[in-house]
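Read the structure below first, then the notes.
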Amino acid sequence: MDIPYTYKPRPDTGLYNAKVGIWLFLASEIMLFGALFSSYILLRVQAPAGTWPAVAGAWPHGLLNIPIGTFNTAVLITSSVTVVLAWAALKMNNFKAFRRYMVVTLVCAFGFLGIKSYEYNEKFTHYELRLKSGEVHTGHLEVNGKHPGFWDFGSIYNLARLEKDKVAEIKFTADPPQPKPGEKHAAADGTSHEAKTYKLEEIEKLDAFILRNHTFFAIYFVITALHGLHVLGGALVLGYFAFPGSAMWKTNPEQFTNRIEVAGLFWHFVDLVWIFLFPVVYLL
Amino acid sequence: MSTATSHTHGAAHEHAVDHHHEPGFWQKYIFSTDHKMIGIQYGLTSLAFLLFGFILVMCMRFQLAKPGQPIPFFGPILEAILGDTAKGGIMSGDLYNSFGAMHGTIMVFLAIVPLAFGAFGNYVTPLQIGAPDMAFPRLNMASYHLYFWGGVLMLASFFVPGGSAKSGWTSYSPLATVAEFDKVFNGQTMWLVGMVILITSSLLGAVNFITTIIQLRARGMSWMRLPFFVWAQFVTGFLLLLAFPPLEAAGVLQLADNLFHTSFFLPTGLVVSGQQLPVSGGGSPLLWQHLFWFLGHPEVYVLILPAMGIISEVIANNTRKPLWGYKSMVYAAMCIGFLSFIVWAHHMYLTGMGTKVSTFFQTTTMMISIPSVMILTALFVSLWGGSIRFNTPMLFALAFLPMFGIGGLTGLPLGFNASDIYLHDSYYVIGHFHYVVAPGTIFGLMAGIYFWFPKMTGRYMNETWGKIHFWLSLIGMNLVFAPMFIQGMKGMSRRMADGGSTYFGADDIALKLNTSITHAGILLGLAQLPFIFNLFISIKNGKKVESDNPWGATTLDWATPTPPPHGNFASEPIVYRGPYEYSVPGAKADFIPQDQKP
Amino acid sequence: MSEHSHAPGGHGAQTEGGGHDHDDIASHLKTYMIVFGALLVGTLVTVGMYFVHFESMAVTIAVALFIASIKAFLVAGYFMHLLSEKKMIYSVLAITVVLFFALGTLTIWGSSSLPKNTEMKTLYVP
Chain A
66 MDIPYTYKPR
76 PDTGLYNAKV
86 GIWLFLASEI
96 MLFGALFSSY
106 ILLRVQAPAG
116 TWPAVAGAWP
126 HGLLNIPIGT
136 FNTAVLITSS
146 VTVVLAWAAL
156 KMNNFKAFRR
166 YMVVTLVCAF
176 GFLGIKSYEY
186 NEKFTHYELR
196 LKSGEVHTGH
206 LEVNGKHPGF
216 WDFGSIYNLA
226 RLEKDKVAEI
236 KFTADPPQPK
246 PGEKHAAADG
256 TSHEAKTYKL
266 EEIEKLDAFI
276 LRNHTFFAIY
286 FVITALHGLH
296 VLGGALVLGY
306 FAFPGSAMWK
316 TNPEQFTNRI
326 EVAGLFWHFV
336 DLVWIFLFPV
346 VYLL
Chain B
7 MSTATSHTHG
17 AAHEHAVDHH
27 HEPGFWQKYI
37 FSTDHKMIGI
47 QYGLTSLAFL
57 LFGFILVMCM
67 RFQLAKPGQP
77 IPFFGPILEA
87 ILGDTAKGGI
97 MSGDLYNSFG
107 AMHGTIMVFL
117 AIVPLAFGAF
127 GNYVTPLQIG
137 APDMAFPRLN
147 MASYHLYFWG
157 GVLMLASFFV
167 PGGSAKSGWT
177 SYSPLATVAE
187 FDKVFNGQTM
197 WLVGMVILIT
207 SSLLGAVNFI
217 TTIIQLRARG
227 MSWMRLPFFV
237 WAQFVTGFLL
247 LLAFPPLEAA
257 GVLQLADNLF
267 HTSFFLPTGL
277 VVSGQQLPVS
287 GGGSPLLWQH
297 LFWFLGHPEV
307 YVLILPAMGI
317 ISEVIANNTR
327 KPLWGYKSMV
337 YAAMCIGFLS
347 FIVWAHHMYL
357 TGMGTKVSTF
367 FQTTTMMISI
377 PSVMILTALF
387 VSLWGGSIRF
397 NTPMLFALAF
407 LPMFGIGGLT
417 GLPLGFNASD
427 IYLHDSYYVI
437 GHFHYVVAPG
447 TIFGLMAGIY
457 FWFPKMTGRY
467 MNETWGKIHF
477 WLSLIGMNLV
487 FAPMFIQGMK
497 GMSRRMADGG
507 STYFGADDIA
517 LKLNTSITHA
527 GILLGLAQLP
537 FIFNLFISIK
547 NGKKVESDNP
557 WGATTLDWAT
567 PTPPPHGNFA
577 SEPIVYRGPY
587 EYSVPGAKAD
597 FIPQDQKP
Chain C
19 MSEHSHAPGG
29 HGAQTEGGGH
39 DHDDIASHLK
49 TYMIVFGALL
59 VGTLVTVGMY
69 FVHFESMAVT
79 IAVALFIASI
89 KAFLVAGYFM
99 HLLSEKKMIY
109 SVLAITVVLF
119 FALGTLTIWG
129 SSSLPKNTEM
139 KTLYVP
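Chains as they are written, first to last, in this note's numbering: chain A, 66 to 349; chain B, 7 to 604; chain C, 19 to 144.
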């Protein structure tokens, strides 16, 4: 039994089934990310002035790394153009070029994820320290001689955890101050950048820049993680079509080309989301 | 492969369709990609969940009629399975809330939608449009399995420490997060993960349905020749496609609140049991409500539209007349679909949104009642001058009309901001929505089961037992839900484990009515027994059908062999006329099938 | 990444099956590269705008979203061939976009008249 219009377009709609299917799916994804963006806007708009996100009194510098984010944006845009070139190569019956472009796309995809992981790790190992005296610092933490990293999952220290573990004091290496908007260099604030010891009693709040720290980080991690999962899923599908799945090129080149087109559409959507995500989360 | 034999319909055994290899047990029954088998899988699974959801609420109803007393029969079972929370066979408050939340969740997401959309939609839609199967058969199978395993996860949540989710099917924050704040892996978490799985199942199903209806209509099956059932499923597909993702997003956010102690929905300074909650704050409980009801409202149209589709087929067929106002019904369905996305905050009138916003939503809510009434009116008028056959499916279809009417009309005071202030979260609301879904949608689905059973099995369901099922259910439904309007108007709140027994004037509003409602519930439950027996016994022992088209219907689903083979049609059918050519003057028979050559 | 803009390999390759012919696709290739360039420029402009100080937040947001929308239009229109796509797809997307804005605007409107959290000075104090 053959399902009609799997790769030949239906005359009145001019479309083949998978194309209708993927656009419908993308419509639902627009609503998904739309809901998350709306949540971001709502949470930010209704937060009282000065509380979003308030770290070290500065906004929003030092929270997300803009050069890295920009580079990541360029990586994803590149992967977008290579995937469409891969499809075009198939249309022109050039399988070798298709393969090459797909490999570049995959390299970009995993590169994006790698860079994102680096950024996540940075957040997990960077702490916010608020002292009862009113001082606020961001920097790196050392507890009992160890610098907990991302893989010390359970070692994201906050005050409750320090108390539970009966830690009496911590060492904290503050970051150099960040330039304010419009400034080229930050004004020196007189702090030295060596590890300083703080006793537990002096600390009002200690936490890494993770989800529970602030709703900004909560939404940042959730949206970028969901986006990252889509990048990973898309990359796996593209990888499948680039290698094992490419056997279909020999048996049914038209359907295979359509599959690349459909997978490419998903990939472009993932790029589209990032095009909005980057300025909204990193820059605004 | 479909061979080029001439199109014969009416032949009892048609083997011209696909016949290469007989699939084994697993391929045929468990991992089938055939839409008919998947439809039956959805149907049986959802009916089982329907029964389970009913049992949950009967335990609750017993508690309401006799607060603080052990539940007969089920009490000891509950105690044995769930332990302390049902000590002595008496439901604790937590258990009541747990059953309440799961009753709602199971009925809406695991029973009605899978039955209306998954079962009927899957089985009938490709047949009615003349397609060999759905556009994406393997995706269809994946949708079913996601539904099944999501359901299993939901059921499993009863057995974790703390029990299942117990913050209502609406799972409002902050309660949903703080109810079991210490345990990260709890029933609420499983509910949320289960919801994400179920939503994915529905999304993939919606993609499949919409693509199938757009792309796989047979030659000559133009949009305005589609049976109204297909239009209803088409609009339902869009509702599921576009309304579910925000709830999926919200579910992920609430999961983060539960698992990672974020504060998406937890406001600053929240104090629980005398302690400030150790979270960052800054969240908005209202955000959860907006995202939930953005789905929640279109969801209720997902519940009703397929039933309206089924009723339309049954009515046209059993009045031997075309549907009156078919085109208006189609446009009304499309209007309902679109408007349903912008009425949601009528569930939130009491959240302090402000009068301008409330007025906006009140206006759109009033507007959406118009297309609903149009469809109902068209169905009523379709009866006029008809030659009505009062078989079981038709009885259910006829009863749907006034029952849905009551449900719809009682919704009006809830749609108005002013009157809703009094009625919000009272038993009046429970009465309203149960009228539309229980003697509304479920009657539509029953009509569908009795109607399409002969096509699926080649046998009729027993008419006598069908009529007994119908009359007892009709009486039972009304006796259960009508008193709830009175309770609500007298001020009784919903979701109270003691059933209002501590109210001033409890005698008046709660205790007497609770008892009679519970008795009626028992009657309603007993009324389903003839149906259950009828369903299974008739598969082998029902009266055999005389032809492939025992009801004398015009639509393509009756133009296949019985039961339809893999591939449905020997060759692609060609459609020559509209879907309801009944009693055409000058015709030989009182109906002309859509695919009959002119 | 693509200094050598090229028509990939196989010159003179025959086209098989239905679809565009060689020259048609070749002209599309040039378009893709131009769009790619535009997207990279757009990204740099977006980041550049970050260092420009606008009077109000509203203007800043408008500028950022405007640039992002142009980039999105380019990706959707050319890479996803939306500009040459069929009516069916447009209709689905049009409805989706309307609902997307309905969700966003109505949700925020519906939350705007609530009193803000007035006491969020310090966050969690353990």
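Glycine included, each C-beta is placed from N, C-alpha and C at the ideal position.
Listed along chain C is no residue with a C-beta nearer than 9 Å to that of B:P180; the closest approach is about 14 Å. Within the segment 259-294 of chain A, the complete beta strand (DSSP E) segments at least 3 residues long are 260-264 and 268-273, listed from N- to C-terminus. Between the segment 132-152 of chain B and the segment 227-236 of chain B, the count of Cβ pairs shorter than 8 Å is three or higher; the stretches touch.
Collapsing the DSSP output to three states places A:R226 in a helix. C:E103 sits in coil when the DSSP states are folded into three classes, being neither helix nor strand. Between A:V110 and the set B:S290, B:G110, B:L356 and B:F142, the nearest pair of CA atoms involves B:S290. Rounded to the nearest angstrom, the Cβ distance from B:L382 to B:F410 is 6 Å, consistent with a contact under 8 Å.
Residue-level contact by beta carbon fails for B:H430 and chain A, as no gap is shorter than 8 Å.
Counting along the chain, the unbroken alpha helix (DSSP H) around B:V387 starts and ends at T361 to L389.
The segment 115-165 of chain B is shown to contain whole alpha helix (DSSP H) runs of 4 or more residues at 128-135 and 143-162, in chain order. Ranked by Cα distance from B:I317, the first of B:A403, B:T131, B:K93 and B:L209 is B:A403.
Inter-residue distance for B:A444 and B:I528 is about 15 Å (C-alpha atoms, whole angstroms). Against chain A, the CB of B:E587 has no partner CB under 8 Å away; the residue lies outside that interface.
Interface criterion not met: the Cβ of B:P489 is under 8 Å from no Cβ in chain C. Cβ-Cβ distances below 7 Å link B:G95 to P76, I77, G81, P82, L84 and E85 in the same chain, with the five nearest sequence neighbours on each side left out; the list follows chain order. Between A:P74 and the set A:E319, A:W332 and A:F343, the nearest pair of CA atoms involves A:E319. When secondary structure is reduced to three states using DSSP, B:F298 falls in the helix class. In this structure, the CA atom of A:F274 is about 33 Å from the CA atom of B:G156. A direct Cα-Cα distance of roughly 12 Å separates A:K261 from A:V208.
Comparing alpha carbon positions, the residue from B:N323, B:P120 and B:Y178 closest to B:G49 is B:P120. For B:G106, the uninterrupted alpha helix (DSSP H) segment begins and ends at G99 to T111. Here A:L178 carries a helix assignment [DSSP, helix/strand/coil]. Interface criterion met: the Cβ of B:P252 is under 8 Å from a Cβ in chain C. Apart from the 5 residues on each side of it in sequence, B:G168 sits with its Cβ closer than 7 Å to the Cβ of E186, K189, N192 and G193 in its chain, given in chain order. Exposed is the label assigned to B:F165, since fewer than 16 other Cβ atoms lie within 10 Å of its Cβ. In this structure, the beta-carbon distance from A:L342 to A:H292 falls below 8 Å.
For C:A120, the residues of chain B that pass the 8 Å Cβ criterion are F347 and I348, in the order they occur in the chain.
Under the criterion of beta carbons closer than 8 Å, B:I216 and B:F250 do not qualify as touching, at roughly 13 Å. Looking at the backbone, the Cα of B:M380 and that of B:Q221 are separated by about 29 Å. The C-beta of B:I220 comes closer than 8 Å to at least one C-beta of chain A. For B:L451, the uninterrupted alpha helix (DSSP H) segment begins and ends at F449 to T463. Beta bridge pairing from DSSP links B:Y588 with B:F597. If you ignore the 5 residues before and after B:Y129, its C-beta comes within less than 6 Å of the C-beta of K42 and G45, all in its own chain and listed in chain order. Residue burial annotation: B:M160 is buried, with at least 16 other C-beta atoms found within 10 angstroms of its C-beta. Residues of chain A with a Cβ closer than 8 Å to the Cβ of B:D139 are, in chain order, M66 and I68. Within the same chain, and ignoring the five residues on either side of A:N323 in sequence, the residues whose Cβ sits closer than 8 Å to its Cβ are Y72, Y81, A83 and K84.
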